[in-house]
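Colleague: Please see the structure below; I have some questions.
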Amino acid sequence: MTTVRTRIAPSPTGDPHVGTAYIALFNLCFARQHGGQFILRIEDTDQVRSSRESEQQIFDALRWLGIEWDEGPDVGGPHGPYRQSERGAIYQQYSAELVSKGHAFPCFCSAERLDEVRAAQMANKETPRYDGHCMHLEPAEAQRRVKAGESHVIRMKVPSEGICSVPDMLRGNVEIPWDRMDMQVLMKADGLPTYFLANVVDDHLMGITHVLRGEEWLPSAPKLIKLYEYFGWEQPALCYMPLLRNPDKSKLSKRKNPTSITFYERMGYLPEAMLNYLGRMGWSMPDEREKFSLAEMIEHFDLSRISLGGPIFDLEKLSWLNGQWLRELPVERFAAEVQQWALNPGYLMQIAPHVQGRVETFSQIAPLAGFFFMGGVTPDAGLFEHKKLSAEQVRQVMQLILWKLEALRQWEKERITGCIQAVVEHLELKLRDAMPLMFAAISGQASSVSVLDAMEILGPDLTRFRLRQAIELLGGVSKKETKDWEKLLAAIP
Ligand code: GLU
């Protein structure tokens, strides 16, 4: 019998997402239960959006939760490299194989031509898709143009009719008509693969036997299945996991719920409780108990207990469960966890330089700097009344700064300042117009230590959370304002 091998394949393009941890957890449980291996692969072929910072945050966040992998970019293994950006030559080779077998073809169409085709199809109420223009080129002619250095992508051929049956471990066979599939680009003009090619090649070469991934990938499954067939490879078993949802049933999004794992760490959730809660997303223990450890989940894991109704990620339920965990900790462990959370020497050393000069006794530290040990804060709305700015402008400045900070990858004081500066300059304001607002939102009080230092120390999750809370306190942002301000945002360097 072959060993079960599962994997998680995150793209390092943002904060470490709870959805990544959720899928990782189920892959881990499935592999462990079968005595198999769990692999971490980094899918960083989108060079513009991927970053090493984000990759490191994914490693750190999963480890904080207690999720360990047997092979991966940082631990090595026999099937490396485990970062797609380091596997370029492999994809070139397999893409060439598909072309030579006639399953894929170089496409030289310009963006303008593709736009025209798309516009014409839309006008005819057809599904926009590639029209096969370059598929009909003589292979020798196509090769000549490739050799001459003409810019091109590689597209896969797909059947134009019939049905693809996707064998899903949870839903049985899911039938998807081929005419919904486009002639997917496999290699981009820059010579890098797209998700489809890289994912199939790597899952095969890394010996992955079972793929548990989010159900958002189900509609594109036929393309992956076709690629396995073209290569003549055995397809791994497929399992499309239900997506996490906000309490209003919409897809989990950071607009409605913090989605970054590090947020939960900074808020003071216990990693075991967090993992336990993720384990309850669409799954339950045979005896329906709510509190269980990773070891218990592995022991009782059974895919057939996954229910397909979208699991709701609800902060209140998570907090309730966290409370259960905290109360049942031996008190020594509870104290040690609190210490580790924010009373550790590293964190105190970051705060100390900012309070030392401002207190006469240690007992003044808590009133001055208590906000360093809080999740949200509760500023008085009066603190946001501004001499120069209207209430609407106040919300606008804060929202724009929040968006800028959401996109900031390197969380350093200079860069945080740069974000605020960029926004105020664009609005023809001064830094000192925005600072009192930041101050109130972040510290929740009228006076304290330097707010830029505080933001750096608090980190991106708590900073953004507090800004979001302050904006809510002031009435939130309407749909129309969101639209208008997003346009403004796009113009800010
Ligand atoms: N890179 C994809 C993602 O970020 C992987 C999806 C898959 O598991 O195939 O979700």
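So the sequence shown is numbered by our numbering: it starts at 58 and just counts up by one.
Yeah, the Cβ is synthetic: ideal placement off N, Cα and C, and Gly gets one too.
Enumerate in chain order the residues of its own chain whose CB-to-CB distance from GLU385 is below 7 Å, with the five nearest sequence positions on each side excluded.
Modeller: As a working note, residue 385 is residue 328 in the sequence shown. Nothing meets the Cβ criterion.
Colleague: For LEU309, collect the residues of the same chain with a Cβ closer than 8 Å to its Cβ; drop the 5 residues on either side in sequence, then sort them by chain order.
Modeller: Locating residue 309 in the sequence shown gives position 252, where the first residue counts as 1. Correct list, in chain order: VAL75, GLY76, LEU300, LEU301, ARG302, ASN303, THR316 and PHE370.
Colleague: What is the rounded straight-line gap between the Cα of ASP510 and the Cα of LEU545?
Modeller: Looking up residue 510 in the sequence shown gives position 453. Looking up residue 545 in the sequence shown gives position 488. About 27 Å.
Colleague: If you reduce the DSSP assignment to three classes, tell me which class LYS308 lands in.
Modeller: Against the sequence shown, residue 308 aligns to sequence position 251. It is a strand residue.
Colleague: Nearest-angstrom Cα distance between ILE499 and ARG523?
Modeller: Position 442 of the sequence shown holds residue 499. Position 466 of the sequence shown holds residue 523. Using only the alpha carbons, I get a separation of about 6 Å.
Colleague: Work out the CA separation of ARG415 and LEU440 for me, nearest whole Å.
Modeller: For the purposes of this step, residue 440 is identified with residue 383 of the sequence shown, where counting begins at 1. For the purposes of this step, residue 415 is identified with residue 358 of the sequence shown, where counting begins at 1. Looking at the two C-alpha atoms, the distance is approximately 22 Å.
Colleague: Measure the alpha-carbon distance for ARG525 versus MET495 and round it to whole angstroms.
Modeller: For this step, residue 525 is matched to residue 468 along the sequence shown. For this step, residue 495 is matched to residue 438 along the sequence shown. Those two C-alpha atoms are separated by around 11 Å.
Colleague: In three-state terms, what does DSSP make of MET17?
Modeller: No information on residue 17 is available, as it lies outside the stretch 58 to 550 that the chain covers here.
Colleague: Please determine whether the Cβ atom of ASN314 lies at a distance below 6 Å from any heavy atom of ligand 1.
Modeller: Taking the sequence shown and counting its residues from 1, one reaches residue 314 at position 257. No, ligand 1 has no heavy atom inside 6 Å of this Cβ.
Colleague: Could you compute how far the alpha carbon of ASN379 sits from the alpha carbon of TYR334?
Modeller: Taking the sequence shown and counting its residues from 1, one reaches residue 379 at position 322. Taking the sequence shown and counting its residues from 1, one reaches residue 334 at position 277. Using only the alpha carbons, I get a separation of about 9 Å.
Colleague: Relative to the C-alpha of GLY501, which residue among PRO293, ALA527, GLN478 and GLU273 is closest?
Modeller: As a working mapping, residue 501 is identified with position 444 in the sequence shown. Residue ALA527 is the option with its Cα nearest to GLY501.
Colleague: Would you mind reading off the limits of the alpha helix (DSSP H) that contains ALA197?
Modeller: Position 140 of the sequence shown, counted from the first residue, corresponds to residue 197. Taken as a continuous stretch (DSSP letters only), the alpha helix (DSSP H) holding ALA197 covers 196-204.
Colleague: If you measure from the CB of SER68, is any heavy atom of ligand 1 nearer than 6 Å?
Modeller: By 1-based counting over the sequence shown, the position of residue 68 is 11. It does: the Cβ of SER68 is within 6 Å (strictly closer) of some heavy atom of ligand 1.
Colleague: Taking just the CA atoms, how far does LEU515 sit from ALA399?
Modeller: One-based indexing of the sequence shown puts residue 399 at position 342. One-based indexing of the sequence shown puts residue 515 at position 458. If I take the Cα positions, the gap works out to 10 Å.
Colleague: Report buried or exposed for GLY533, applying the criterion of at least 16 other Cβ atoms within 10 angstroms of its Cβ.
Modeller: Numbered from its first residue, the sequence shown carries residue 533 at position 476. Exposed, since its Cβ has fewer than 16 Cβ neighbours within 10 Å.
Colleague: For VAL105 and SER142, what's the separation of their Cα atoms in angstroms?
Modeller: Your numbering for residue 105 matches position 48 in the sequence shown. Your numbering for residue 142 matches position 85 in the sequence shown. So the alpha carbons of these two residues sit roughly 12 Å apart.
Colleague: State the start and end residues of the unbroken alpha helix (DSSP H) segment that holds GLN456.
Modeller: Here residue 456 refers to the residue found at position 399 when the sequence shown is read from its first residue. Residues 448-464.
Colleague: Taking PRO279 as the reference, give the member of MET240, HIS261 and ASP259 with the closest Cα.
Modeller: Here the question's residue 279 lines up with position 222 in the sequence shown. Taking only the C-alpha atoms, the option nearest PRO279 is MET240.
Colleague: Three Cβ pairs or more, each shorter than 8 Å: is that satisfied between the stretch 285-295 and the stretch 84-94?
Modeller: Touching, no.
Colleague: Taking 8 Å as the threshold, find out whether the stretch 256-270 comes into contact with the stretch 105-120 through three or more Cβ pairs.
Modeller: Contact fails: fewer than three Cβ-Cβ distances are below 8 Å.
Colleague: Can you give me the C-alpha to C-alpha distance between LEU275 and ASN256, rounded to a whole angstrom?
Modeller: In the sequence shown, counting from the first residue as 1, residue 275 sits at position 218. In the sequence shown, counting from the first residue as 1, residue 256 sits at position 199. Using only the alpha carbons, I get a separation of about 14 Å.
Colleague: Which residue from ARG98, GLY145, ARG228 and SER167 puts its Cα closest to that of PRO250?
Modeller: Residue numbering aside, residue 250 sits at position 193 when the sequence shown is read from its first letter. Taking only the C-alpha atoms, the option nearest PRO250 is GLY145.
Colleague: Hey, which unbroken runs of the beta strand (DSSP E) at 3 residues or more fall wholly within the stretch 328-368?
Modeller: Counting whole runs of 3 or more residues, the stretch 328-368 contains no beta strand (DSSP E) stretch at all.
Colleague: Is the closest heavy atom of ligand 1 to the C-beta of ARG140 under 6 Å?
Modeller: The residue labelled residue 140 in the question sits at position 83 within the sequence shown. ARG140 Cβ: outside cutoff for every heavy atom of ligand 1.
Colleague: Ligand 2 and GLU100: does any heavy atom of the ligand fall closer than 6 Å to the residue's C-beta?
Modeller: Among the ligands present in this structure, namely ligand 1, ligand 2 is not found.
Colleague: Please state the DSSP three-state secondary structure of PHE162.
Modeller: The residue you call residue 162 lines up with position 105 of the sequence shown. PHE162: strand per DSSP, three-state reduction.
Colleague: What is the DSSP secondary structure of ARG140, reduced to helix, strand or coil?
Modeller: If you number the sequence shown from 1, residue 140 lands on position 83. Note: ARG140 maps to strand in three-state DSSP.
Colleague: Any idea if GLU11 is buried or exposed, counting beta-carbon neighbours within 10 angstroms, 16 or more meaning buried?
Modeller: Residue numbering for the chain in the displayed model covers 58 to 550; residue 11 lies beyond these limits and cannot be assessed.
Colleague: Rank CYS221, ALA330 and TRP235 by C-alpha distance to the C-alpha of SER350 and give the top, closest one.
Modeller: One-based indexing of the sequence shown puts residue 350 at position 293. It is ALA330.
Colleague: Is HIS267 buried or exposed, if buried means 16 or more other CB atoms sit within 10 Å of its CB?
Modeller: Within the sequence shown, the letter at position 210 stands for residue 267. With 16 or more Cβ atoms within 10 Å of its Cβ, HIS267 is classed as buried.
Colleague: Along the chain, where does the alpha helix (DSSP H) containing TYR287 start, and where does it finish?
Modeller: The residue given as residue 287 occupies position 230 in the sequence shown. Unbroken alpha helix (DSSP H) run through TYR287: 278-288.
Colleague: Using only the alpha-carbon positions, how far apart do ILE408 and GLN396 sit?
Modeller: Here residue 408 corresponds to residue number 351 of the sequence shown, with the count starting at 1. Here residue 396 corresponds to residue number 339 of the sequence shown, with the count starting at 1. Distance between the alpha carbons of ILE408 and GLN396: 15 Å.
Colleague: From what residue to what residue does the beta strand (DSSP E) around GLY229 run?
Modeller: Locating residue 229 in the sequence shown gives position 172, where the first residue counts as 1. Its beta strand (DSSP E) spans residues 229-234.
Colleague: Does the stretch 94-101 come into contact with the stretch 126-133, if we say contact requires no fewer than three beta-carbon pairs (one atom in each stretch) closer than 8 Å?
Modeller: At 8 Å Cβ cutoff, the stretches touch.
Colleague: Name the residue from LEU531, VAL388 and LEU383 whose alpha carbon lies nearest to the alpha carbon of HIS443.
Modeller: Within the sequence shown, the letter at position 386 stands for residue 443. Considering only alpha carbons, the answer is LEU531.
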